[in-house]
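Here the protein sequences line up with chains G and H, keeping their order.
Here my numbering is used: position 127 in the first sequence is 109, and no number is missing along the way.
Here my numbering is used: position 131 in the second sequence is 642, and no number is missing along the way.
Right, one structure below, let's go through it.
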Amino acid sequence: MTLVLETNDLTVHHKTPRGPLRAVDGISIQVEAGETLGLVGESGCGKSTLARCVVGISKPTSGTIMLGDLEIKDGSRHRFQRARSVQMVFQDPSGALNPRLTVERLIEEPLKVHGLGKKAERKARVAELAAQVGLSDYHLARHPHELSGGQRQRVSIARALALEPGLLVCDEAVSALDVSVQAQVLNLFVDLQKRLNVAYLFISHDLSVVRYISHRIAVMYLGRIVEVGPAEEVWNRRNHPYTRALIDAIPDEAVRRDDIALLDGDVPSPVNPPSGCTFRTRCPYARERCAAEVPVLRDRGNRLQVACHFADEIEAANTVVETVRSGQARSDVPAHLRAAAH
Amino acid sequence: MTTPPRTEPLLAVNELSISYGAGIPLVQELNFTVRRGETVGLVGESGCGKSLTALAVMGLLPPNLKTAGGIDLGGSDITKLDARSLRKMRGSQMAMIFQEPLTALNPVMTIGSQVVEVLLAHNKITKAEAAKRTLELFELVRIPDAAARFNDYPHRLSGGMRQRVVIAIAIACNPSLLIADEPTTALDVTVQAQILRLLKRLQRDADLGLLLITHDLGVVRQVADRIVVMYAGCVVEEGPVDEVLDNPRHPYTAGLLAARPHGSRTAGAERLADIRGTVPAPHARPGGCLFEPRCPNAQADCRAVRPPLSPLSADRALRCYHPVGGAN
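As structure tokens, this is what we get:
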């Protein structure tokens, strides 16, 4: 197993007049070569800050980042080496591409900056990269404003792949695209991974997209990882109440569910987070213990890790939900769990 | 305004066309109705004309766009009204909820005074009465601790709370038609679910007609009674939401449904069925069927003449010669 990314107890604290804002609060994640780790959570949970730290746009307050064998200590010292290990694809390709350059020069730029190849060699490499993302010679001569949103995102991807990084950080990379074009770009990500064995740290607010593309999923809440594991384990077992609430809130294609309890309120301020478990203020299962003790990630079997004191109980309740939904009311289920099923 | 009987549509859009400059068509031959108590979901990808349609209904189209056809709301044709009568209708008969609450709200006015302003503009009441009614509205849209929030500025609120304020403003003067243009697109899923549930409840309680504009088929399925699918400025399919989404007949509707990611590729989910190509620009729309260049079912007759929107059953219509599942 080769790791292309490993963070160890990474924290990012911003100074504010009201005290430190803990955007990222002790995150340890690993991404293997050729793997997709999906990162989900509501806005303000710190997923973009984490991504920006990994590519070096933001500086961590403490903790370490390993990109393969390269240990990042000081943000600026390893800029060139870092650029060849990790690249980023942003949400809005029109903001990420220089409007005055042609597509050909946009894709060539990273090669030039890193002094790779002679002019003719670079031209051949640009053509190869363009073909890889489904752009033709016609597109190479165009400027970004002449392309559609999907084509622009393909240019961003070709540019990000130019230096053959082992890891692409995709921050809401398909969120601005219409659903038919989104499918094209998601298929492209899958194809490129198969061909180039590139790993993705894939950030999205859209859980269906993350479930589809990810091998593993990490769920973030207020700067911490609350659940991480193989995609289908996270999706089906929903051991953390926050994961369950997120999945329950997806507008369902199959049923209208007026009966499901929705999360109340909003994410608390990261300047003054609740004590103990930060999710307890919105959690239907919260007890005294949650205010006193910070839950740590514990193994739940099948590589699933969950940070919740009552994960056992919630897994049992989820089983009841399935039973109740499939129409077999069970009398041997404790009353409080039955209530939780509605 | 006299309440039309239930069977009469509240809003009737008749052969509406919107064009730009020298006759570049943006929206063509649009027909649909919204009844009281009914939610109609208008769906389509960016550039299909759904937001322009909403602005046309509100009488808010920029003056450089030309319209033809009629928009009938409670007996008056909006396209024929002058600015003064339009302004009177906005708020009291029709109201709109926008995608981005932060730009819809005035950043230098407290949220309370923004609702009071609307109430005073449309009703002959005192400031104190308006303030009292504002608090009632805040409670109606479930803004917790409404009295304390009254003097807050929009930047102090979360996205979900801001959207609740926008909804409070929209329903302040008891409109009969509510237009919501991507009301939850800028919100997190958990907040989206809260706002959709709120909209649905308000609609039921006041028997509102709701025109919901969205790109998200999941949202339409959850909230709407009827669905109108638009592509490149035209309606391609419409009908009851469950019938259309369970059994789509237009290849575009079917393509949109299939393009949504479902399942996990680690658990054997297949490659996503994308729709090849992109939506044609308004000046480069094909003469025949608009979807023909991207359609898996396209044949020679599709290129020749644009198919008409023809009824499929009493409440379903389709614009296609070669629909999914064969011709009728």
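A virtual CB, placed ideally from N, CA and C, is assigned to each residue, including glycine.
I need the straight-line Cα distance from residue i to residue j, nearest angstrom please.
i         : j       : result
E235(G)   : G729(H) : Caution is warranted here: a pLDDT of 46 is assigned to E235(G), below 50, making its placement in the model unreliable, and the coordinate value is therefore given only provisionally. Those two C-alpha atoms are separated by around 5 Å.
R830(H)   : H291(G) : 56 Å
T(-16)(G) : S669(H) : 42 Å
N685(H)   : E611(H) : 22 Å
V752(H)   : R776(H) : 29 Å
R796(H)   : F802(H) : 9 Å
A615(H)   : A691(H) : 12 Å
E526(H)   : L49(G)  : 60 Å
G779(H)   : Q703(H) : 30 Å
V619(H)   : I654(H) : 20 Å
K41(G)    : P255(G) : 22 Å
V524(H)   : D826(H) : 16 Å
D246(G)   : A828(H) : 40 Å
T487(H)   : L279(G) : Because residue 487(H) is not part of the residues shown, which for chain H are 512 to 839, the question remains open.
G77(G)    : S130(G) : 13 Å
I9(G)     : I54(G)  : 15 Å
L3(G)     : A594(H) : 49 Å
Measuring alpha carbon to alpha carbon, tell me which residue in the options is nearest residue i.
i       : options                             : result
R198(G) : G1(G), G20(G), R4(G)                : G20(G)
F543(H) : G750(H), L563(H), V652(H)           : G750(H)
L630(H) : I654(H), R601(H), S557(H)           : R601(H)
G148(G) : A123(G), R82(G), Q69(G), S157(G)    : Q69(G)
D718(H) : E549(H), Y531(H), G532(H)           : E549(H)
L86(G)  : K101(G), A15(G), A109(G)            : Rather than Leu, the amino acid found at residue 86(G) in this sequence is Glu. Nearest C-alpha to E86(G): A109(G).
G132(G) : H60(G), V156(G), I229(G), A298(G)   : V156(G)
H666(H) : V700(H), N617(H), D699(H), L709(H)  : N617(H)
V700(H) : C259(G), Y267(G), L228(G), G99(G)   : L228(G)
C35(G)  : T(-11)(G), D173(G), V22(G), L117(G) : T(-11)(G)
V790(H) : G258(G), V161(G), S186(G)           : V161(G)
P75(G)  : Q175(G), S138(G), L244(G), V151(G)  : S138(G)
R146(G) : V276(G), Q135(G), Y182(G)           : Sequence inspection shows Glu at residue 146(G); the Arg mentioned does not correspond to that position. The shortest C-alpha separation from E146(G) is found at Y182(G).
Suppose the cutoff is 8 Å on Cβ atoms and the five residues either side in sequence are ignored; what does the same chain contact list for residue i look like?
i        : result
C27(G)   : M202, Y203, L204, G205, V249
Y832(H)  : C800, Q810, D812, C813, P818, A838
V44(G)   : The amino acid occupying residue 44(G) in the given sequence is Ser; Val does not appear at that position. Answer for S44(G): D(-9), L(-8), T(-7), listed in chain order.
F661(H)  : T621, I622, G623, A642, T645, L646, F649
N284(G)  : G211, P212, E215
R226(G)  : R220, I296, N300
T(-2)(G) : V253
Q604(H)  : M512, L584, G585, P686, S687, L688
L576(H)  : I529, S530, Y531, L537, L563
In chain order, what residues of the same chain lie with their CB nearer than 7 Å to the CB of residue i, ignoring the 5 residues before and after it?
i       : result
A681(H) : A606, M607, I608, L689
Q73(G)  : D153, E154, A155, S157, A158
R124(G) : T84, V85
Y742(H) : G555, C559, Y763, L801, F802
E540(H) : E526, S528, C745
Going along the chain, which residues of its own chain have a beta-carbon closer than 6 Å to the beta-carbon of residue i, five neighbours each way excluded?
i       : result
Q63(G)  : L52
I738(H) : G552, V731, V752, V755
P694(H) : I608
P520(H) : T544, R546
L722(H) : V545, V551, I690
Does the beta-carbon of residue i have 16 or more other beta-carbons within 10 angstroms, so that it is buried, or is it exposed?
i       : result
G534(H) : exposed
D7(G)   : buried
Y120(G) : exposed
L571(H) : exposed
I589(H) : buried
P834(H) : buried
H761(H) : buried
E337(G) : Nothing can be reported for residue 337(G), as the shown portion of chain G is limited to -17 through 324.
A815(H) : exposed
I706(H) : buried
A274(G) : exposed
F567(H) : Going by the sequence as given, residue 567(H) is Ala instead of Phe. Buried.
H794(H) : exposed
P92(G)  : buried
R715(H) : exposed
H96(G)  : exposed
Of all the CB atoms in chain B, is at least one closer than 8 Å to the CB of residue i?
i       : result
T777(H) : This model lacks chain B altogether, as its protein chains are G and H.
Which residues, in order along the region 28 to 49 of chain G, keep a beta-carbon less than 9 Å from a beta-carbon of chain H? Here the close residues number zero.
Residues in the region 701 to 716 of chain H with C-beta within 9 Å of chain G's C-beta atoms, listed in sequence order? For the region 701 to 716 of chain H, which is checked against every Cβ of chain G, the residues closer than 9 Å are T701, V702, Q703, A704, Q705, L707, R708, K711.
To be precise: take each residue of the region 141 to 166 of chain G, compare its Cβ to all Cβ atoms of chain H, and keep it if any distance is under 8 Å. Which residues remain? The region 141 to 166 of chain G vs chain H, Cβ under 8 Å: D160, V161, S162, V163, Q164, A165, Q166.
Near-chain G residues of the region 545 to 572 of chain H - C-beta to any C-beta below 7 Å: Cβ contacts with chain G: E556, S557.
Check distances from the C-beta atoms of the region 722 to 756 of chain H to those of chain G and list, in chain order, the residues that come in under 9 Å. Residues H726, D727, L728, G729, V730, V731, R732, Q733, V734, L756.
What residues in the region 194 to 209 of chain G have a beta carbon less than 8 Å from any beta carbon of chain H? Hits within the stretch, in order: Y194, I195, S196, H197.
Residues, ordered as in the chain, of the region 101 to 122 of chain G that lie near chain H by beta-carbon distance below 9 Å: Within the region 101 to 122 of chain G, contact with chain H at the beta-carbon level (separation under 9 Å) is assigned to no residue.
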